[in-house]
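Participant: Residues 1 to 269 in our numbering are what the sequence shown spells out, letter by letter.
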Amino acid sequence: MTGPHTLVTPGGRAAARRPRASRAGGTGGTGRGRGPRTPRLVGAELMKLATGRWQLVGLCIVLAVHALPLLLWGAQAEPALAWNGLRSRSGFLLAYAMMFFGVVLVTSEYRYRTITHAWLVSPGRVRVLAAQAATVALIGTVLSSLVFAAWWLRGADRHGGAAMRSGRPAEVLTAYLIVVAVVCAAGLTGVALGELTRGLAPAAGVVALSGVVEAALDGARFHGPVTAPSGVLLWPTTETPVSSLSAAISWAVVLIAAAIASLRRDLPS
Numbered sequence: 001m002t003g004p005h006t007l008v009t010p011g012g013r014a015a016a017r018r019p020r021a022s023r024a025g026g027t028g029g030t031g032r033g034r035g036p037r038t039p040r041l042v043g044a045e046l047m048k049l050a051t052g053r054w055q056l057v058g059l060c061i062v063l064a065v066h067a068l069p070l071l072l073w074g075a076q077a078e079p080a081l082a083w084n085g086l087r088s089r090s091g092f093l094l095a096y097a098m099m100f101f102g103v104v105l106v107t108s109e110y111r112y113r114t115i116t117h118a119w120l121v122s123p124g125r126v127r128v129l130a131a132q133a134a135t136v137a138l139i140g141t142v143l144s145s146l147v148f149a150a151w152w153l154r155g156a157d158r159h160g161g162a163a164m165r166s167g168r169p170a171e172v173l174t175a176y177l178i179v180v181a182v183v184c185a186a187g188l189t190g191v192a193l194g195e196l197t198r199g200l201a202p203a204a205g206v207v208a209l210s211g212v213v214e215a216a217l218d219g220a221r222f223h224g225p226v227t228a229p230s231g232v233l234l235w236p237t238t239e240t241p242v243s244s245l246s247a248a249i250s251w252a253v254v255l256i257a258a259a260i261a262s263l264r265r266d267l268p269s
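Take a look at the structure:
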């Protein structure tokens, strides 16, 4: 007899039909034996955040910390100051919070030795790093969007939409995109530093030492991986320090590339 998954050869013998998934590598859309693809790994990272305690609580605290300054900012008497301070108030604290979050997200895997299981599930180690970077960028975008909207709406409620450039949406969009770009760049810098150091204490030491050195040197101030976000977000919204913005993004790209190189040197992905 032959079943739905068998076929009869010319010699009359029944041969098992190879499942389509097996011919594709048997991974069910995960990619020729190399484990889950990056989107699925991002989902796993988000699930870990949702089911864990401290990282999710930390993100909620970051949002809660913005509540009191938001109420105080509502009493700002000068409409011009309300607009000029929009970028710094909505992005400065969040940028460094995301940098720390990126460090914690990566180093906690090494601290609790769960990184070994992640690498076993996905032998392509770069995919794991890409998923962590994408997770931090996604969370950074969501949080910065929420905070920016809250601060803009508070200013519009206090001083009117005209004071917050409601009639010039291009200016509002530019300020928003700058905040998102810097927050995400800071988060990616944290991910890279966490991967390069593989420990919370070493990563914190590197951030502290780099920040001190950058602040002390005129050429590096507001252009290093730690102080570049300050060079963007501490300036009025009407100005765009292009060099600091470019430095923040460039450092994120360079450090992520260095983290990828460290993974490939450690064990080919």
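Heads up, the beta-carbon is just placed ideally off N, CA and C, and yes, glycines get one too.
Quick caveat, the model's predicted, so the values are computed rather than measured.
(1) Mapping the DSSP letters down to three states, classify Arg-158 as helix, strand or coil.
(2) Anyone know if the C-beta pair for Ile-249 and Ala-185 falls short of 8 Å?
(3) Starting from Val-179, trace the alpha helix (DSSP H) in both directions and tell me its first and last residue.
(4) What number of angstroms, rounded off, separates the C-alpha of Val-106 from the C-alpha of Gly-167?
(5) Need the endpoints of the alpha helix (DSSP H) that Pro-79 sits in, please.
(6) Any contact between the segment 226 to 240 and the segment 82 to 98? By contact I mean 3 or more CB pairs, one from each, below 8 Å.
(7) Suppose contacts are defined by Cβ-Cβ distances below 8 Å. Is Ser-144 in contact with Val-183 by that definition?
(8) For a quick check, are the C-beta atoms of Ala-252 and Thr-189 less than 8 Å apart?
(9) Please state if the CB of Ala-131 and the CB of Leu-41 are separated by a distance shorter than 8 Å.
(10) If you count every other CB in all the chains shown that lies within 10 Å of the CB of Ser-22, and 16 or more means buried, which is it?
(11) Have a look at Val-147 and Cys-60 and give me their C-alpha separation to the nearest angstrom.
(12) Reducing DSSP to helix, strand and coil, say where Gly-140 ends up.
(13) Less than 8 Å between the CB atoms is what I'm expecting for Glu-45 and Leu-129, so what's the real figure, rounded?
(14) According to DSSP, simplified to helix, strand and coil, what is Trp-235?
(15) Helix, strand or coil: how does DSSP classify Leu-56 here?
(16) Tell me, to the nearest whole angstrom, how far the beta carbon of Ala-204 is from that of His-223; I am working on the premise that it is less than 8 Å.
(17) In the structure shown, what three-state DSSP assignment does Val-254 receive?
(18) Can you check whether the CB of Leu-86 is closer than 8 Å to the CB of Gly-161?
(19) CB-CB under 6 Å to Ala-200, same chain, minus the five flanking residues each way: which ones, in chain order?
(20) Shortest alpha-carbon distance to Trp-83 belongs to which of Ile-139, Ala-67, Gly-124 and Arg-158?
Facilitator: Reading off the structure:
(1) In the structure shown, Arg-158 sits in a helix (DSSP, three-state: H, G or I).
(2) Yes, these two residues count as a Cβ contact at 8 Å.
(3) First-last of the alpha helix (DSSP H) with Val-179: 169 to 197.
(4) Cα to Cα, the separation comes out at about 42 Å.
(5) First-last of the alpha helix (DSSP H) with Pro-79: 79 to 84.
(6) Yes: the two stretches touch, three or more of their Cβ pairs being nearer than 8 Å.
(7) The answer is yes: Cβ separation under 8 Å.
(8) Yes, the Cβ-Cβ distance between Ala-252 and Thr-189 is below 8 Å.
(9) Against a cut-off of 8 Å, the Cβ pair of Ala-131 and Leu-41 comes out as a contact.
(10) Reliability fails at Ser-22, whose pLDDT of 39 lies under 50, so the model's placement of it is uncertain and no value is given.
(11) Cα-Cα distance, rounded: 12 Å.
(12) Here Gly-140 sits in helix by DSSP.
(13) Glu-45 to Leu-129, Cβ: 11 Å. No contact.
(14) In the structure shown, Trp-235 sits in coil (DSSP, three-state: anything other than H, G, I, E or B).
(15) In the structure shown, Leu-56 sits in a helix (DSSP, three-state: H, G or I).
(16) Contact between Ala-204 and His-223 is ruled out by a C-beta separation of about 21 Å, above the 8 Å threshold.
(17) Looking at Val-254 - three-state DSSP - the assignment turns out to be helix.
(18) It is not a contact, given that the beta carbons lie outside the stated cut-off.
(19) The residue you asked about is not Ala; residue 200 is Leu in the sequence shown. If we look at Leu-200 and ignore the five residues flanking it on each side, its Cβ neighbours are Thr-107.
(20) If we check each option's Cα against that of Trp-83, Arg-158 comes out closest.
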